[in-house]
Structure formats: structure tokens, C-alpha cells
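Line by line, the protein sequences give chains A and B.
Per the working numbering, residue 1 is the first one in the first sequence, and the count goes up by one each step.
Per the working numbering, residue 1001 is the first one in the second sequence, and the count goes up by one each step.
We put the beta carbon where it would ideally sit given N, CA and C, even for glycine.
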Amino acid sequence: MAITQQRDFLSQIPPFDVLDEATLFELADSMNVAYLPELSKLNFEEASQSGYLYIIIKGKVAELQDEAIISHYSVRGFFGDSEILGKANKVSIYEMLEETIAYKLPAKLFMKAFDENNKFSRFFSASIVDKLNRIHRSIQSAASTEVMMDTVCSAHIHQHISVNEHATFLQVTQKMTEVRSDACLIEFDDGSVGIVTSSDVLKFVATEPHELLNSTDVLRRIAHKPVHSVHEFDYLFNALLKMTRYQIDRLAVRSDDGYTGFLHQKDLMSMFANQSGLVLLKVDQADSIDDLIQVGPQIDQLIHSLNRKGIKTHYIAKLVNELHRKMIYKLIEFLLPKELNEKVCIFVMGSEGRSEQVIRTDQDNALVYSDDVSEQELGLLDEFAAKFDETMQQIGFPPCPGNIMLSNPEWRQSLSDFKAKVDQWFKKPSDENFMHAAILLDGEAVYGVESWLTEVKQVLRKRQEDYPVFLRHFAIGVLQFNTPIGFFGGLITDNEDKQHNHIDIKKGGIFPIVHGVRCYALEAGVEQTNTHWRIKALMDKGVFTKEFGIELGETLNYLNTLRLESMLHQLSEGKELPNNKIKLSELSHMQQDVLKQSLGVVDAFKKRVTQHFNLQEMI
Amino acid sequence: MLSTVKSWIDKTKQVRERSRLKDSDYEFIFDDIEEDVYVCFDCETTGLDRKNDRIITLSAIKIQNNELQTSTSLNLVVKQPEDISEESILVHQIRNVDVVNSDFVYSNEQEAIADFLQFIRGTTLVGYFLEFDVAMVERVLKPWLGVGLPNPQIDVGDLYYDYARSQIVRSCIEPNIDLSFDHILQQLGLPNLGQHDAYNDALMTALIFLKMKQI
């Protein structure tokens, strides 16, 4: 009865959770509770205070070396392990920033567990990727299962059937009836694949001469291409996104060795009996601006719950951005006069274009219209722009501080004017123009004639090749801000911050990665806009090694997660527009540890960019 | 002057008490009190009647150098002659089956108290509404050894009351100070460790005590 709580407490703290029950109990039962008043200090050089692992029940502790803070510990964090394991090259002093209550675990028992349990001891010498995966796994296993994040193969998959392109239509329908499938894949001789569905059969019977049923060259004409497919280990929400994006009812499921079956929307929807699937549909079914206004907070809730479940921020961002784009698409549909549909291209840029904005903090968008619009149509466009700007704010997208919005005539121009504008950027390079180029490069079309955006970007790429020096000046932005990590591996907090608590994680870590990867992508002609996809493409092209690419991607993911959590926290405190600062005192020791390693990766990446783009003499 | 008188009175009282002790094996309960060694304790009982209710569990934790020695805490469970009443189960959530399942169950209160006396030897007692817990122990102790608990006693409720009074600006209205356990924890910013059982209560009381000692 009595000490169960002590045992429970310890069993919830990684890595103690991997210990067998007997060892865990032995450790838990040996703990005393230390009361450490505010500002008191523990000096591990004094025998009476060392020899224990301290696990914090309540309070905040700073680790000091040579009077500089090198680490913070808070609830459920522990310290003293490096001293016990003899890993500390310098003796630390621990100062209680707040009144602290902590369990004291005798070193002898800690060492015993360390020596006896491999899994336990590995924890203290793991690499950054290991640690990150463990954080995600541990949150994921603790949380209830979220269907959205299940893999495709956990849903009901209809049997796979396929025929050769020379089969007859009759054979196809017989095969479909035989296995009760409503779709069949058609394998073409050139290696491509098409699909025939039951609605094609209906249409065929209704409109085509029936003697063609036995013809061998009908399938080539009727089969739909391309076949939209999803990998069996992909997340279910990706499958749902694909279905809504392409407005189809089924997806072919593939494994590494080929197609394995079909996934139906109705089977998928029956699994989404929760809010996350519903939000997706709500955006789809919205038919007024009021509907869209209501969706905003629901997306925020979804972000909250997905993050709590330990879903990687990259995936949350992907889902949320898909939703945001749908919202914007719907909004344009409501506001734009129909006759202008084919005369505009509207695109989002910056973090939205990269699909990396999770909390709506900003909007960057632009509009390109056809060169032959009439005076009257121009008037309609002006009206649309003003209304769009207003309603975007209503549905929860704050205005862009740099006014990079289609309501600004600078960003609402005819195709040729826009191209000329991009041309000007190269003729008159300035910091602002570099920033504009970067933002445009991340652009993704949302509405209208998508190819116009490609044309505009093409100008950018072409000019970049004409002016090789551009890329060097462009890349220097990576080094614009210092990485907040000291020579000895301690975190450096913002200068103006007296409490030594805040770090701007965007400037310090996220921006250098995003911009550096953008530079490499521009140089290598990678068209993707999302940083993770750019990294993947650069890995495929051999620009990055696989190890480096994965490390960079995971690091970015982690930094984005910290930023997201901090923003959610700020929102919950009632802040309307959260900033990019994270508070060190709110991070566990493990999180800080990984943050330090992450910033190490950022620093290494900066060095790489400096060398690659020859930036040494420009600094 | 006053303190001299007080200590003289205490001394006389103790001598008188000592002379009443029925069993000389227990002389040690009058041992000198060590400085900065405290025992925080709490009982769960069958009810609130100090004459007729009995101790079910008793937890005691030693405090020394700002440290709660939880690893050597004393946790006693006493076998009950009658089933535990339903109301008291609701308060402390000890069911009859828990008593039976405990690792070691004292067959009567006297044996349990004998171990408790060893545990608190030479220490100052600390508790929350300590007077009740002391009364429950003395209900066993007095008929058996003829004496009460001689250890000095500190009630964290009193400490908190004085502290809270000192925080309030003097006025002619007597302040209404909430002395409930949860309120005290909350006011002092101490973690509520959940579940009210003897051990947790003793632990939290000890934390209150350490904090009050700091202030």
C-alpha cells in the first residue's frame, strides 16, 4: 500500500520503465525524499551530497559549471547520472532555481541496474536518432490508438486482381464478379498500369455495342491512368487525403513488390469515427464562409490531440496544411467570380507553400492574372482581393507582417509583369529581393492555372543559372543568425533575456536548415517545396548521403516539435499570436539534451553550406 | 526566567510520568531528545471516537537534515477484531482484504505500538492534527504502560496557522484561516501526492513541516 506510489513514479520515468519489476521495486524502495530550498546548492564534490541520483518530484534545477548554466532539469528529470557513471569531465554544482523536492536514489543500486540491464544502460549512451525515436515511441505507446495514424494495411483491403491489356472486357467483368471486387488493374505492355472500375462497366454496358465485350483492344481505350495508389505502410490519413484530393473512392494498395489490393473510402470512413476524419470532411463540405470560420478552431484541436499522441510534427504539418489549402480553395471558390476561374493563378508561398506551417501565424500569397484581362475584370479582381484579405483574417489567418499578400498590388500582377518583377530581383539584388525569391521558390498553386506559377518559377531558376553569384549571396542567409550553442556544448539564451530562459528556435535552428536545404534544392533543380521532400530528393540525387539526410530531417522534425509545443503552450495561455521562443525551464533534461545535439547538427550543416557555396570570404 | 520555570515544570512532570511507567523495559521512551531528528506520523483508524475506535494502519517517516527517510519508513498494519465499517473505508480506502493481504499484520495494537515506540525513540513528533493521532496511540499506551507519549510534539496545523496569521495585515476582524490539508498544500505550493493513506499523509505532512521550518 505505502510505497506503491514511489514505485509508480519511478516506473514512469524512462529508462527506469525497462527494468524488471524486482529491480524497479528494489530501487524505488531505497529512495529517500530530499527537500531542497530555493537557491540552495548541491555540490557533488562533497561526499555527503554526491553518491545519489536525484529525480525531481517538483521544482527546477540548474546545472552550473564555472558559474555558467549548462543544463536545466525539471519535474521527472534526473541528474547525477554522469557523476555516478564517471562521465562528467568537470564537477557540476546544482542550484535550485525553485524550491525542489526530489527522490534520492543511492548510486550503488543505480550502478547495479546499469550493470545488469543492457537496455537500461544503453539509454545513457544513445545517439540522437535513437533518442528521438524513443521519445516518439514512448508517447505513442502511452496514448490511445488514433486511427488516423494507423497504417494502411490495418484497414480492410480488397483482394488484388489484374489482367493484361489484351484481355477482353468480358474477362475483366468475370474476374471482378468472381472475387467480388469493384475494380481491376490493367497491366500494359509498356509496364504502366491502369484501372477499370464497376462504374466503367456500367457505362460500357449502357453506351457501347455489346459485341465489343469480347474484343481484345477495348481495355487500352477504357482504362484510367494514372492509378492513384498508397503504400501499405503509409498512414491512413494519407490515404484519405489522396482520396479527397483526387476525388476518388478507392486507392490501389502497393507493397515494395507491387500491388496488393484496393482500399475503399467507405471502409476507411467507417474507421474514422472520430473528429480528425470529420474535420477533413467538414472542410470538404463547407458551403459558406461561416462554415469555414468554424473549422479553424477544430483544426487547432486536432493539432493538439495529434501532438499529444506523439505524432511527428512533419505529418501533423502535412495534414494541417492540406486542410488549410482546402480552406483557402473553398474561400476562393466562394469569392471569385466564376468567369475569372481560368484567368488567374493563386498560390501560397513561404511556410504555407512548404506545408510547414502548423499554427496559423502568417499568410504569404500572391495572384497572377492573364495578360488579356479587361478593365472590368481588373475591377472584379481588386474587389476579390480586398474581400479575400478580409475573410482570410476572419477564418483565422493573421495578415502577413511584410504585406506579401495578394491584396497588395505588388503581389497581384499580370503574368508578364510578375515575370518582369522576378527579373528585377536579379538586376537589383537586395536583402528584400533575396527574401522574396526565397518565399516565391516555396510557392505552391492553390487555385486556377497552375502552370503560370511554374512559368514564374522557371524565370527564377533560369536567372539563377545566368547569375551564378546569386546563389552565393542567397546562401549567405543561412549564416545570418548564430546557432545558440556554446563552445562547450551549453545552450546560449537570448541576449536581452535576463532570466537565461529563452531561445529563438526559428532563428537558431529551423531557419538555417530550411534555407540551407532551399539553396541546395535550387542549385540541384529540385522542384519540391517541402523541406523534408527536398531533403529526400537531394538524398536520391546523391547530394546528401542517406545518413546525413535522415539526421537533418529528424533534427528539423524535433526542432519543429519543440516550436509547436511552445506555441500550443502560448496559445493555451491566451496569447493570440505565439512567437518562436522556447522556454528552457519548460523542457525536460532529456529534451534539452536532444536540443543540444540537434543544434550541433545545425552547426555542422552550416559549416557544410559555408564550404559548398564558398561563403568563407564573404563572412 | 520564564523558560527556566517551564523547563523545571517539564522536568518535574517527566519525573512524575517516569515513576508511573509500569514496565521498566520501556525506560527508553524517556531518552533525551536528539536535535533535528523528527518523526512525522499519521494513523488511519476505524473512526473518530478516541475511546472506542482503533488504529488500522500507522505510517511514520523519520526526518533528518531536510531529508525524508522514506526508505526506512515504518508502515504498520493491525489486524482488526471486527470488520472495518463502510464509512471509514470510504475515507481511507483500506478494505478488509487489504489488511489481510498486507505483508505483515500485527495481531494486536499493542505489538504495533511497541515497534512504533522503538522507532520514535529520542525524536520530536510531527503531525497534522497530531493530537488525534497521539490520542489514538495513547489509548493503547496508557492502560498498558501507564504513561502517555513523552516526546515533544509539533503540529504543522499550528505552524501554518501562525504563518498565515503573520501574512495577514492586522485588523480588528479575526481572520478565517483555512486549515484543511489540501488548502495548506496548495498555499505552500507543495505537490499533492494523491491518495490519502497513512503513508502519503505522513509524507506530505513532513513536506509541510520542512517547508514551514524554512520560512
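Backbone secondary structure at residue i - three-state DSSP
| i | result |
| --- | --- |
| A386(A) | helix |
| S1107(B) | coil |
| H228(A) | coil |
| A143(A) | Summary for A143(A): the model assigns pLDDT 39, below 50, so the residue's position carries little reliability; its value from the coordinates is reported in the next sentence. Three-state result, A143(A): coil. |
| V1137(B) | helix |
| Y246(A) | helix |
| I513(A) | helix |
| R1242(B) | Outside the displayed range of chain B (1001 to 1215) lies residue 1242(B), so it cannot be described from this structure. |
| D504(A) | strand |
| H314(A) | helix |
| K119(A) | helix |
| Q171(A) | helix |
| C153(A) | helix |
| G490(A) | coil |
| D1047(B) | The question names Asp, yet the displayed sequence has Gly at residue 1047(B). G1047(B): coil per DSSP, three-state reduction. |
| N1066(B) | coil |
| G1127(B) | strand |
| V422(A) | helix |
| S598(A) | helix |
| C345(A) | strand |
| Q1153(B) | strand |
Residues of its chain near residue i, where Cβ-Cβ distance is below 8 Å and the 5 sequence neighbours each way are ignored
| i | result |
| --- | --- |
| R1201(B) | The question names Arg, but residue 1201(B) in the sequence shown is Asp. Taken in chain order, the residues that qualify are D1042, S1059, Y1128 and F1181. |
| A386(A) | S407 |
Sequence-distant residues of its chain with Cβ nearer than 7 Å to residue i (five each side left out)
| i | result |
| --- | --- |
| G639(A) | This structure does not reach residue 639(A), given that chain A is present from 1 up to 619, and the question cannot be answered. |
| V98(A) | Note that residue 98(A) is Glu in the sequence shown, not Val. Taken in chain order, the residues that qualify are E38, G59 and K60. |
| A273(A) | The predicted model places A273(A) with a pLDDT of 45, which falls under 50 and marks its position as unreliable, so this point remains unresolved. |
| I316(A) | I303, L306, N307 and V358 |
| T1205(B) | C1040, D1042, V1126, G1127, Y1128 and V1156 |
| I55(A) | I13, F78, A102, Y103 and L105 |
| P1150(B) | Q1014, E1017, I1029 and F1030 |
| V623(A) | Residue 623(A) falls outside the range modelled here, since chain A spans only 1 to 619, and no answer is possible. |
Minimum C-alpha distance to residue i - residue among the options
| i | options | result |
| --- | --- | --- |
| N579(A) | G80(A), I505(A), P14(A) and A62(A) | I505(A) |
| H166(A) | H158(A), V152(A) and D217(A) | D217(A) |
| T244(A) | A252(A), Q265(A) and E377(A) | Q265(A) |
| L280(A) | W411(A), K326(A) and R360(A) | K326(A) |
| R220(A) | R360(A), Y520(A), I195(A) and V422(A) | I195(A) |
| Y420(A) | D431(A), R463(A) and P401(A) | The sequence as given places Ala at residue 420(A); Tyr does not occur at that position. Of D431(A), R463(A) and P401(A), the residue nearest in Cα terms is R463(A). |
| A223(A) | L240(A), N238(A) and N164(A) | N164(A) |
| S181(A) | V172(A), T454(A) and N530(A) | V172(A) |
| E95(A) | K41(A), K119(A), I70(A) and E83(A) | K41(A) |
| E1131(B) | L1145(B), Q1118(B), P1152(B) and G1146(B) | P1152(B) |
| F25(A) | I492(A), R7(A), Q424(A) and A34(A) | R7(A) |
| L587(A) | P429(A), F418(A) and Y558(A) | Y558(A) |
| K318(A) | E356(A), I311(A), G350(A) and Y329(A) | E356(A) |
| D284(A) | I328(A), E116(A) and A537(A) | I328(A) |
Residue i burial status per 10 Å Cβ neighbour count (16 or more: buried)
| i | result |
| --- | --- |
| G77(A) | buried |
| K581(A) | buried |
| W1008(B) | exposed |
| F79(A) | buried |
| T483(A) | buried |
| I1168(B) | exposed |
| R1020(B) | exposed |
| P15(A) | buried |
| L577(A) | exposed |
| L663(A) | Outside the shown range of chain A, which is 1 to 619, sits residue 663(A), and nothing can be said about it. |
| H72(A) | buried |
| R461(A) | exposed |
| D417(A) | exposed |
Residues sharing a beta bridge with residue i, DSSP
| i | result |
| --- | --- |
| Y94(A) | L42(A) and E63(A) |
| F1041(B) | A1060(B) |
| I101(A) | Y35(A) and K58(A) |
| Q265(A) | Answer by DSSP bridge pairing: none, since Q265(A) is not bridged. |
| C629(A) | Absent from the model: residue 629(A). The displayed extent of chain A is 1 to 619, so no value can be given. |
| F79(A) | Y54(A) |
| R412(A) | L367(A) |
| P106(A) | Y52(A) |
| H72(A) | A62(A) |
Chain-order list of residues whose beta-carbon lies under 6 Å from that of residue i (same chain, five-residue window excluded)
| i | result |
| --- | --- |
| S566(A) | I582 |
| T1057(B) | E1044, V1077 and A1198 |
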